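To keep things clear, I will list the structure first and then write my remarks on it.
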Amino acid sequence: MNALMNREQSVCREHRQDGEEPSSVRTRAPLQRPSVLLAIGILALISAAVVIGPMWLSYGYDQTDLDLGLSPPSLSNGHYLGTDILGRDLLARLLYGGRISLLVALVATVLSTVIGTLYGALSGYLGGRVDDVMMRVVDLLFSLPYLFLVLVLMALFAEPEVVDPLIRLLRWHPEGAWAEWLRGPGVRMVLLFVALGAVSWLTLARIVRGQVLALKNELFVEAARAAGAGTWHILFRHLIPNASGPILAYTVLTIPSVMLQEAFISFLGLGIQAPQASWGTLVHDGVEAMSVAPWLFIFPAGTMVLVLFCFHVIGEALREAWEGRG
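Going by this note's numbering, the sequence shown opens with residue 12, and the numbers climb by one from there.
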């Protein structure tokens, strides 16, 4: 293995283009823009707040107090962002909902990135009839109303009457709190992971395929083949790492897209269910109470828009950096 790596590295050094800038130099300028640094800082603060913030609050996300229902934001009563109709603290629910929204977005995005990268890289490298068939599958899936399919999946498989037979079919016997979570709110979260991740990889597969098609006949890949490297070795050591720029940029841009889809599904009542909260459910509740308690809409919607905008700024900077326009 060491001999194989040494042969590949020596050939790559011989054929490196003169004057080519390292990728770190090419990507530095856009990522150092004040707007990008500000977006990274805002995301870091919000992420830290949703992770550790609830531990410092005096109220739980599902703690009710009907006497304080629809209280406006106030420093005197400890409800800094106000309360909802049941007297639940909006700040606690906003932070807790942020955990769920960000978790769903990140897990679904990672899942879609893994699927899209492997599918596109394999399709582009194998080429020929295999590539044609794999891309026709992508075209077919693109033609389907995938968000409608996600809604159907959430509506059909999120009920205990469906979950219990599936668990028995898998011969799985969860017990205790794990079983209660899975048959309750957990099944909807898992379905969101799978459903959103399984429909968000198509564009990335095309991007990765294009990168691999452009790279697979380069001299460093030919050197790896001549040294006896196999398909998976070439994919994971040479082709996918050299396509990491567009993969990373698209992954960051996928996060806000998945967040919007989760919010829309929860807004329709098919996603996260009460007493749990996500930013989508909080926006839904805020719309219903807009005329009497506008803060219930303003704070969740404002936070969500801010996070989406920050992800978009960072993703665009990564895309520009890779394309060399920074």
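Think of the CB as a built atom: it goes at the ideal place given N, C-alpha and C, for glycine as much as any other residue. Every value quoted in this text rests on a predicted model; they were computed, and no experiment measured them.
DSSP, reduced to helix, strand and coil, places D100 within a strand of the structure shown.
In this structure L117 does not touch V61 by the C-beta definition: roughly 12 Å separates them, more than the 8 Å allowed.
The beta carbons of A254 and Q222 sit about 4 Å from each other, so the pair counts as a contact at 8 Å.
In the three-state DSSP reduction, T292 falls in the helix class (H, G or I). Here the C-alpha atom of L271 lies approximately 31 Å from the C-alpha atom of L77. Under the 10 Å beta carbon count, G313 is surrounded by fewer than 16 other beta carbons and is classified as exposed. A check of alpha carbon separations from S302 across L81, V47, M200, L48 identifies L81 as the nearest. Counting C-beta pairs with one atom in each stretch, the stretch 88-105 and the stretch 147-157 have fewer than three that are closer than 8 Å, which means they do not touch.
Excluding residues up to 5 positions away in sequence, V219, V223, L246, L250, I251 lie with their Cβ nearer than 7 Å to the Cβ of A132 in the same chain. Look at T94 here: in three-state DSSP terms it is strand. Counting of Cβ neighbours within 10 angstroms places W243 among the exposed residues, the total staying below 16. The DSSP-derived three-state label of A304 is coil. DSSP places I63 in the helix class (H, G or I) of the three-state scheme. DSSP places S277 in the uninterrupted alpha helix (DSSP H) bounded by 255-278. For D73, the CB contacts under 7 Å within the same chain, skipping 5 residues up- and downstream, are R99, P286 in chain order. The straight-line gap separating the alpha-carbon atoms of E327 and L317 is approximately 15 Å. With a 10 Å radius around the Cβ and a threshold of 16 neighbouring Cβ atoms, A274 comes out buried.
Looking only at P311, L215, T265, the smallest Cα-Cα distance to G297 is reached by P311.
With at least 16 other beta carbons inside 10 angstroms of its own, F204 counts as buried.
Secondary structure of L281 (DSSP, three-state): coil. The beta carbons of L92 and L101 sit closer together than 9 Å.
Within the stretch 196-253, the complete alpha helix (DSSP H) segments of 4 residues or longer fall at 198-210, 213-226, 230-237, 242-245, listed in chain order. DSSP places R140 inside the alpha helix (DSSP H), whose first and last residues are 139-154. The Cβ neighbour count for F320, taken over all protein chains shown within 10 Å, is under 16; the residue is labelled exposed.
Nearest neighbour of I309 by Cα position, chosen from H90, H323, V294, turns out to be V294.
Within the same chain, Cβ atoms closer than 7 Å to the Cβ of G64 are found at L106, the five residues on either side in sequence being excluded.
G127 carries a helical assignment under DSSP once its states are collapsed to helix, strand and coil.
Between S46 and S123, the gap from beta carbon to beta carbon reaches 9 Å or more. Sequence-distant partners of G109 (beyond 5 residues in either direction) whose C-beta falls short of 6 Å from its own C-beta, in its chain, are V61. Under a 10 Å Cβ-count criterion, V163 is classified as exposed, with fewer than 16 other Cβ atoms of the shown protein chains found around its own Cβ.
Rounded to the nearest angstrom, the gap between the Cα atoms of G135 and L42 is 30 Å.
Less than 9 Å separates the beta-carbon of P267 from that of F322.
Assigned with DSSP and collapsed to three states, T314 falls in helix. L167 counts as exposed, since fewer than 16 other C-beta atoms from the protein chains shown sit within 10 angstroms of its C-beta.
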